[in-house]
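Since the structure comes first, as structure tokens, the remarks are kept for the end.
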Amino acid sequence: MNVTVGGKTRHYRTVTFDAKKNAVLLIEQRLLPHQFKIVPMRDFRETAAGIRDMIVRGAGAIGATAAYGLAQGARAFRGNDLKKFSRHIETVYQTLKAARPTAVDPVNAMNGVRAIIQAGETVEEQQSLALAAAEDFANDDAQHCEAIGRHGAKLIRNGMRVLTHCNAGWLAFVDIGSATAPMYAAQAAGKKFHVFCDETRPRCQGATLTAWELAQQKISHQIIADNAAGHLMQRGEIDLVIVGSDRTLGRTGEVANKIGTYTKAVLAHRHKIPFYVAIPLSTIDWNMRSGFDIPIEERNESEVLGGWGMSGSKFQYTRIANPGSGARNPGFDVTPAELITGIITPEGIIKPRDLWKNRKKLGHA
Ligand code: MRU
Numbered sequence: 003m004n005v006t007v008g009g010k011t012r013h014y015r016t017v018t019f020d021a022k023k024n025a026v027l028l029i030e031q032r033l034l035p036h037q038f039k040i041v042p043m044r045d046f047r048e049t050a051a052g053i054r055d056m057i058v059r060g061a062g063a064i065g066a067t068a069a070y071g072l073a074q075g076a077r078a079f080r081g082n083d084l085k086k087f088s089r090h091i092e093t094v095y096q097t098l099k100a101a102r103p104t105a106v107d108p109v110n111a112m113n114g115v116r117a118i119i120q121a122g123e124t125v126e127e128q129q130s131l132a133l134a135a136a137e138d139f140a141n142d143d144a145q146h147c148e149a150i151g152r153h154g155a156k157l158i159r160n161g162m163r164v165l166t167h168c169n170a171g172w173l174a175f176v177d178i179g180s181a182t183a184p185m186y187a188a189q190a191a192g193k194k195f196h197v198f199c200d201e202t203r204p205r206c207q208g209a210t211l212t213a214w215e216l217a218q219q220k221i222s223h224q225i226i227a228d229n230a231a232g233h234l235m236q237r238g239e240i241d242l243v244i245v246g247s248d249r250t251l252g253r254t255g256e257v258a259n260k261i262g263t264y265t266k267a268v269l270a271h272r273h274k275i276p277f278y279v280a281i282p283l284s285t286i287d288w289n290m291r292s293g294f295d296i297p298i299e300e301r302n303e304s305e306v307l308g309g310w311g312m313s314g315s316k317f318q319y320t321r322i323a324n325p326g327s328g329a330r331n332p333g334f335d336v337t338p339a340e341l342i343t344g345i346i347t348p349e350g351i352i353k354p355r356d357l358w359k360n361r362k363k364l365g366h367a
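First residue of the sequence shown: 3, per the numbering used here; consecutive thereafter.
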């Protein structure tokens with residue numbers, strides 16, 4: 003997407019690769035919206051740390067980062083021994099996979115890269131196939147989001163008020179975003195609408211990232227406290243909900259997404275407000291049979307007990323909670339299929355329980 007920093011507008015992707023330096027380049031999302039900075043991850047362990055520590059976050063973006071990280075690890079290998087190379091690839095894969103557990107995109111992305119490199123007969127061939135496959139994943143991610151926009155834009159009519167949760171914008175993907183794609187496409191079609199961004203405690207991705215993106219894109223929006231959505235729905239002030247997902251089960255239509263999504267889906271159902279989930283194909287898990295099996299990341303309690311922000315020119319953490327109290331911090335929740343009106347995919351809008359029926363079209367081998 004286009005970013006304007008210091009009066010200059012330029013197109014950026016969230017994740018790119020510097021082949022000369024064998025480095026994964028990431029937007030330092032923890033500093034946004036206060037600073038816009040690109041940082042290099044110089045080896046696969048640093049790339050894994052970038053995912054774990056949320057320099058980069060969001061399903062598609064960490065998928066592309068993991069794919070590039072796998073290529074980066076492959077390209078750092080010295081020698082011609084294919085067996086040793088395969089063992090090394092396994093270490094790189096496991097290190098990147100362990101960085102964050104809930105989103106399935108990194109695993110799907112790396113499985114794709116691993117399958118493609120098998121065609122290489124030498125280490126060198128496999129190394130170059132790995133980078134090409136990672137580039138393909140990143141390009142596909144951007145194309146999927148563009149297609150999501152085309153299909154989803156028709157859901158947004160003039161004058162609508164749209165609620166979104168967390169950040170499933172271009173920062174959470176390589177470009178364009180999933181939940182935001184219909185908004186950007188509707189804007190391009192000349193429609194006028196307003197977006198409510200859930201603040202999304204504890205990390206505040208809605209207040210910091212989605213709001214920044216929408217402001218960059220000049221889309222009318224306001225940040226609301228997470229607890230305000232029910233009130234606005236009850237007063238008829240929300241017409242549509244569009245969120246992203248970190249893992250959507252192809253067999254059941256259950257959707258894992260940022261903590262608080264389930265609550266919003268229950269509220270939307272109660273108020274008969276359409277609730278859509280926008281996903282690229284890499285977010286579909288075709289194997290898991292129950293939402294209860296989705297690994298839910300438990301994050302550090304410090305995120306709940308305080309928050310990060312700017313004080314003058316200093317970016318700092320401030321404790322808010324009662325000293326001595328502890329916290330529980332599950333990062334994601336799972337929304338059942340019956341609360342979801344439709345899944346906006348690059349192949350069209352599909353009922354959550356019909357994903358399995360459409361599996362061929364949706365790329366399941
Ligand atoms: O913890 P995060 O910020 O990596 O959470 C992931 C997300 O951005 C959200 O859950 C989002 O709604 C779906 S990912 C596109």
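From the three backbone atoms N, C-alpha and C, an ideal C-beta is built for every residue, glycine too. Quick caveat: nothing in here was measured; it's all calculated off a predicted structure.
Residue closest to residue i, alpha-carbon to alpha-carbon, out of the options
{"i": "Glu303", "options": "Ala50, Ala329, Ala111, Thr104", "result": "Ala329"}
{"i": "Arg152", "options": "Phe139, Ala280, Lys274, Leu216", "result": "Ala280"}
{"i": "His223", "options": "His273, Pro297, Val197", "result": "Val197"}
{"i": "Cys168", "options": "Ala76, Gly238, Trp214", "result": "Trp214"}
{"i": "Ile275", "options": "Ile342, Phe46, Ala149, Ala181", "result": "Ile342"}
{"i": "Tyr319", "options": "Arg205, Gln219, Glu127, Lys359", "result": "Arg205"}
{"i": "Ile91", "options": "Gly65, Lys353, Arg47", "result": "Arg47"}
{"i": "Cys199", "options": "Lys156, Glu256, Thr263", "result": "Thr263"}
{"i": "Asp241", "options": "Ala231, Gly326, Asn24, Gly52", "result": "Ala231"}
{"i": "Ile40", "options": "Ala25, Asp228, Gly309", "result": "Ala25"}
{"i": "Pro332", "options": "Leu27, Asn259, Ile352", "result": "Asn259"}
{"i": "Ala270", "options": "Glu299, Glu201, His233", "result": "His233"}
{"i": "His369", "options": "Ala134, Pro297, Gly171", "result": "Nothing can be reported for residue 369, as the shown portion of the chain is limited to 3 through 367."}
{"i": "Thr104", "options": "Phe38, Pro184, Gly62, Asn82", "result": "Gly62"}
{"i": "Asp45", "options": "Glu305, Asp20, Ala227, Gln37", "result": "Asp20"}
{"i": "Arg361", "options": "Gly311, Arg12, Ser284", "result": "Ser284"}
{"i": "Lys85", "options": "Ala117, Thr124, Leu98, Thr16", "result": "Thr124"}
{"i": "Gln207", "options": "Gly365, Leu173, Arg116, Arg159", "result": "Leu173"}
{"i": "Gly314", "options": "Gln37, Val7, Glu30, Arg15", "result": "Gln37"}
{"i": "Gln128", "options": "Leu364, Ala66, Ala78, Gly350", "result": "Ala78"}
{"i": "Tyr14", "options": "Ile221, Ala73, Glu30", "result": "Glu30"}
{"i": "Ile158", "options": "Lys23, Ile296, Thr182, Phe175", "result": "Thr182"}
{"i": "Asp335", "options": "Asp356, Glu300, Arg12, Ala134", "result": "Glu300"}
{"i": "Met185", "options": "Phe294, Val17, Gln74, Val243", "result": "Val243"}
Three-state secondary structure (DSSP) of residue i
{"i": "Ile322", "result": "coil"}
{"i": "Pro42", "result": "strand"}
{"i": "Ser313", "result": "strand"}
{"i": "Lys10", "result": "strand"}
{"i": "Asp335", "result": "strand"}
{"i": "Glu299", "result": "coil"}
{"i": "Ile158", "result": "coil"}
{"i": "Thr49", "result": "helix"}
{"i": "Ala134", "result": "helix"}
{"i": "Thr18", "result": "strand"}
{"i": "Asn141", "result": "helix"}
{"i": "Ile352", "result": "strand"}
{"i": "Ala25", "result": "strand"}
{"i": "Val5", "result": "strand"}
{"i": "Ile150", "result": "helix"}
{"i": "Gly344", "result": "strand"}
{"i": "Gly71", "result": "helix"}
{"i": "Gly60", "result": "coil"}
{"i": "Gly308", "result": "strand"}
{"i": "Leu357", "result": "coil"}
Near the ligand MRU: residue i beta-carbon under 6 Å from a heavy atom
{"i": "Asp248", "result": "yes"}
{"i": "Lys260", "result": "yes"}
{"i": "Val168", "result": "Reading the sequence as shown, one finds Cys at residue 168 and not Val. Flag set: Cβ of Cys168 near the ligand MRU."}
{"i": "Gly60", "result": "yes"}
{"i": "Gln207", "result": "yes"}
{"i": "Ala231", "result": "no"}
{"i": "Ala174", "result": "yes"}
The ligand FAD heavy atom lying under 6 Å from the CB of residue i
{"i": "Ala111", "result": "No copy of the ligand FAD appears in this structure; the ligands present are the ligand MRU."}
Go through the segment 212 to 295 residue by residue and report every complete run of the alpha helix (DSSP H) that reaches 4 residues or more, in order. 213 to 218, 231 to 236, 263 to 272
Minimum length 4: unbroken alpha helix (DSSP H) runs contained in the segment 163 to 200: 183 to 190
Which runs of the alpha helix (DSSP H), 4 residues or longer, sit entirely within the segment 78 to 125? 84 to 99, 107 to 119
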